[in-house]
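What follows is a single structure, written as structure tokens, with notes after it.
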Amino acid sequence: MAEIQAAFDLASLRPRLHKVMDFAADQLAKLTTNHPDFFPIYTRNGRWKHDGSLWTDWCAGFLGGQLWLLEEYSGESHWRELAEHYSLLLEYKQHDRDVHDLGFIFLNTYRPWYRRTGAKRLNNVLITAGRTLAMRFMENGQYLRSFVAPESLFIDIMMNVPIIFYAAEESGDQALYDKAVRHCRTTESTLVREDGSTAHEGIFDLKTGAFLRQTTHQGLNGESRWTRGLAWSLYGYAQVYQFTGDIQDLAVARRNADCFLNNLDDSWIAPWDFDAAAKHDRMPDTSASAIAASGLFTLADIIDEHDLTTALKYRRSALKMLEALTADGFMGWSSPGWEGILKRGVYHIHKKLGVDESVMWGEYFFLEAVMKALRIRENVREI
Ligand code: GLY
Numbered sequence: 068m069a070e071i072q073a074a075f076d077l078a079s080l081r082p083r084l085h086k087v088m089d090f091a092a093d094q095l096a097k098l099t100t101n102h103p104d105f106f107p108i109y110t111r112n113g114r115w116k117h118d119g120s121l122w123t124d125w126c127a128g129f130l131g132g133q134l135w136l137l138e139e140y141s142g143e144s145h146w147r148e149l150a151e152h153y154s155l156l157l158e159y160k161q162h163d164r165d166v167h168d169l170g171f172i173f174l175n176t177y178r179p180w181y182r183r184t185g186a187k188r189l190n191n192v193l194i195t196a197g198r199t200l201a202m203r204f205m206e207n208g209q210y211l212r213s214f215v216a217p218e219s220l221f222i223d224i225m226m227n228v229p230i231i232f233y234a235a236e237e238s239g240d241q242a243l244y245d246k247a248v249r250h251c252r253t254t255e256s257t258l259v260r261e262d263g264s265t266a267h268e269g270i271f272d273l274k275t276g277a278f279l280r281q282t283t284h285q286g287l288n289g290e291s292r293w294t295r296g297l298a299w300s301l302y303g304y305a306q307v308y309q310f311t312g313d314i315q316d317l318a319v320a321r322r323n324a325d326c327f328l329n330n331l332d333d334s335w336i337a338p339w340d341f342d343a344a345a346k347h348d349r350m351p352d353t354s355a356s357a358i359a360a361s362g363l364f365t366l367a368d369i370i371d372e373h374d375l376t377t378a379l380k381y382r383r384s385a386l387k388m389l390e391a392l393t394a395d396g397f398m399g400w401s402s403p404g405w406e407g408i409l410k411r412g413v414y415h416i417h418k419k420l421g422v423d424e425s426v427m428w429g430e431y432f433f434l435e436a437v438m439k440a441l442r443i444r445e446n447v448r449e450i
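In the working numbering, the protein residues as written are 68 to 450.
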């Protein structure tokens with residue numbers, strides 16, 4: 068178990084975090100220049116452009132999202148133009164009924180764009196995307212169906228349901244809000260386990276709506292603790308709490324966080340599945356650590372006022388994860404010609420897609436977490 072008690076020396080980490088952002092700028096400049104309007108998912112041997120299968124096309128918002136983060140970091144108009152361009156290319160997806168990933172696509176692109184401009188047109192895109200995602204709601208079973216089948220619920224959808232809450236809040240649509248809440252309660256009762264771990268997928272009886280079993284696509288097996296799914300749940304429920312203010316959502320996020328931290332070892336890097344690691348398969352998934360780190364920063368901010376000790380533990384743990392992730396062995400700069408920022412992610416181990424590679428969501432949540440660490444006030448030397 069990774070333990071954190073001592074204060075974290077933030078001043079020593081800051082130069083490393085700036086180096087990451089500068090490196091990200093170089094890598095993203097090359098990607099957008101060498102492959103204009105191309106939305107990668109994972110690298111193959113460190114290269115973004117290849118003919119490997121997508122499995123599902125869900126990552127387009129992570130490129131625009133990184134460009135918005137670079138715009139915030141640098142303040143340069145060049146990044147703003149690119150961020151707008153790569154966001155605009157996604158606008159048609161607001162009507163896409165084939166994926167459950169509209170939160171990933173729009174919350175990282177149109178939301179920062181709308182926040183900077185206040186333009187109603189941009190907010191309408193977010194609201195429409197939320198309404199489109201809500202059309203996946205299955206009355207029998209009370210969940211948003213995954214992209215694979217009507218009887219399938221994924222833990223990943225917890226990171227997308229915030230766009231339904233957002234749309235409900237912005238439009239005042241109570242029915243939309245209720246659907247989102249019901250999805251969260253169903254996910255909690257079927258996929259989140261007693262110990263705070265999560266299953267990747269739940270299967271329902273379409274006729275009766277009865278829950279049948281936990282299973283997986285990307286984890287070791289239906290009973291295992293796939294780390295990325297756990298990180299999606301942690302961060303997803305934390306964001307949901309920001310909309311609902313319901314302590315039940317916060318409690319799930321905290322249980323997920325404690326499960327994640329209690330199962331990490333002293334490397335602070337998550338294996339792709341905690342149960343695979345228990346069987347000596349310690350292949351890391353840096354993307355799981357990046358998502359968890361960003362989620363822990365959010366969770367720490369939420370609980371700061373009423374549980375300072377736990378908030379401190381979560382924030383320090385997120386910083387320890389960033390310290391580990393920014394070690395040379397995980398950074399693209401240590402492999403000449405590597406096109407990604409963060410190495411050693413895993414997409415789909417069973418299909419052999421993006422294994423030990425850079426993955427687009429890993430890049431996005433890594434930079435998001437780095438930016439959260441950098442936003443901690445400059446005069447704070449220790450956390
Ligand atoms: N399908 C989302 C993920 O790979 O985590």
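Here a beta-carbon is modelled for each residue, glycine too, at the ideal position from N, C-alpha and C.
Annotation for residue 125 indicates a beta carbon within 7 Å of some heavy atom of the ligand GLY.
The three-state secondary structure of residue 306, taken from DSSP, is helix.
Taking C-beta separations shorter than 7 Å and ignoring five residues to either side along the sequence, the partners of residue 439 in its chain run 361 and 364, following chain order. Selection 357, 303, 348 and 238 evaluated against residue 255 yields 303 as nearest (Cα-Cα).
Residue 178 and residue 193 have their C-alpha atoms roughly 7 Å apart. It is roughly 42 Å from the alpha-carbon of residue 146 to the alpha-carbon of residue 289.
Residue environment for residue 154: buried (at least 16 other C-beta atoms within 10 angstroms of its C-beta). Counting of Cβ neighbours within 10 angstroms places residue 190 among the buried residues, the total reaching 16 or more. Of the candidates 269, 69, 422 and 202, 269 places its Cα closest to the Cα of residue 223. Using a cutoff of 7 Å, the CB of residue 223 counts as near the ligand GLY, since one of the ligand's heavy atoms is closer than that.
In this structure, residue 359 sits near residue 388, with a CB-CB distance shorter than 8 Å. Here the distance from the Cβ of residue 414 to the nearest heavy atom of the ligand GLY is below 7 Å. Taking the Cβ atoms as the reference, residue 166 lies roughly 6 Å from residue 125, within the contact range of under 8 Å. The bridge partners DSSP lists for residue 351 are 338. Excluding five sequence positions before and after residue 407, the CB atoms of its chain that fall closer than 6 Å to its own CB belong to 110, 399 and 425, given in chain order. Assignment of residue 219 by DSSP, reduced to helix, strand and coil, places it in the strand class. Secondary structure note for residue 279: its beta strand (DSSP E) is the uninterrupted segment 278-282. Counting only runs that start and end inside the region 361-412, the alpha helix (DSSP H) elements of at least 4 residues fall at 375-392.
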